[in-house]
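Trainee: First the structure, which I've put down as structure tokens, then a few questions once you've had a look.
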Amino acid sequence: MKPRNPDYAQAVEALFRKAAFVVDVGYELVSITPGRVESRLVLQPRHLQQDEVVHMGVQATMADHTAGAAGASLIAADQLILTSGFTMNLLQAAQGQELRCQAQVLRAGRTLSVVESEVYAVNRGEEKLVSKATVTLAVLTRNR
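Below is the structure:
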């Protein structure tokens, strides 16, 4: 996949720095290549639900934001990405020291892109796939 913005890496980094909620939760950018982004979250008690497993909302936000970043790596500098559709499946209870998310663009269209995100729980060095999302992104022209 070929990015339309030569400064795509800086644009994706800005998505992680400027999104206040993402910063507040603690998601971190790990790697960026055209059409693929990885992120991580060091788990804290505030990320867990009442049964001490990672809250679905934490996983969903991670999958969504990482997918958006992967989609953003392929758009032009005068465009932006917004989620227009989101489906997530929880595959097993997420427990461990951190979450890792890998998002890969499946189709980068002119007006819509489709991205798949996989969220892994890391427990004592062992990764387990805990959830998977399919995210549809609208590609819009940025207002000047």
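Here our numbering = 1-based position in the sequence shown + 1.
For every residue, glycine included, the Cβ atom is placed at its ideal position computed from N, Cα and C.
Please read these numbers as outputs of a predicted model, since none were measured by experiment.
Using CA coordinates, which residue listed in 88, 124, 95, 106 is at the minimum distance from residue 4?
Mentor: With distances taken between Cα atoms, residue 4 lies closest to 106.
Trainee: For residue 103, which residues of its own chain have a beta-carbon under 6 Å away from its beta-carbon, when the five flanking residues on both sides are left out?
Mentor: Closer than 6 Å at the Cβ level, and outside the excluded window around residue 103, lie 39, 119.
Trainee: Give a yes or no on contact between the stretch 78–86 and the stretch 34–50, applying the rule of three or more CB pairs nearer than 8 Å.
Mentor: Because the criterion of three Cβ pairs below 8 Å is not met, the stretch 78–86 and the stretch 34–50 do not touch.
Trainee: With a threshold of 7 Å on Cβ separation, who are the neighbours of residue 6 within its own chain once the five nearest residues in sequence on each side are excluded?
Mentor: Cβ neighbours of residue 6 beyond the five flanking positions: 12, 76, 77, 78.
Trainee: Whole angstroms are fine: how far does the CA of residue 59 sit from the CA of residue 22?
Mentor: Going by the C-alpha atoms only, they are around 11 Å apart.
Trainee: CA-CA distance, residue 168 and residue 62?
Mentor: Since the first and last residues shown for the chain are 2 and 145, residue 168 lies out of range.
Trainee: Could you tell me which uninterrupted beta strand (DSSP E) segments, each at least 3 residues in length, are contained entirely in the stretch 13–60, listed from first to last along the chain?
Mentor: Complete beta strand (DSSP E) runs here, min 3: 29–34, 37–43.
Trainee: Is the Cβ-Cβ distance between residue 129 and residue 93 less than 8 Å?
Mentor: In this structure, residue 93 lies closer than 8 Å to residue 129 by Cβ.
Trainee: Enumerated in chain order, which unbroken segments of the alpha helix (DSSP H) with a length of 4 residues or greater are wholly contained in the stretch 50–109?
Mentor: Counting only runs of 4 or more, we get 57–73.
Trainee: From residue 139 to residue 19, what does the alpha carbon distance come to, in whole angstroms?
Mentor: Distance between the alpha carbons of residue 139 and residue 19 is about 20 Å.
Trainee: Excluding sequence positions up to five away, which residues of its chain have a Cβ less than 7 Å from the Cβ of residue 57?
Mentor: 91, listed in sequence order.
Trainee: Can you tell me the Cα-Cα spacing of residue 131 and residue 89, whole angstroms?
Mentor: If you take the alpha carbons of residue 131 and residue 89, they lie about 11 Å apart.
Trainee: For the candidate residues 85, 47, 31, whose alpha-carbon lies nearest to that of residue 141?
Mentor: Here the closest residue by C-alpha is 85.
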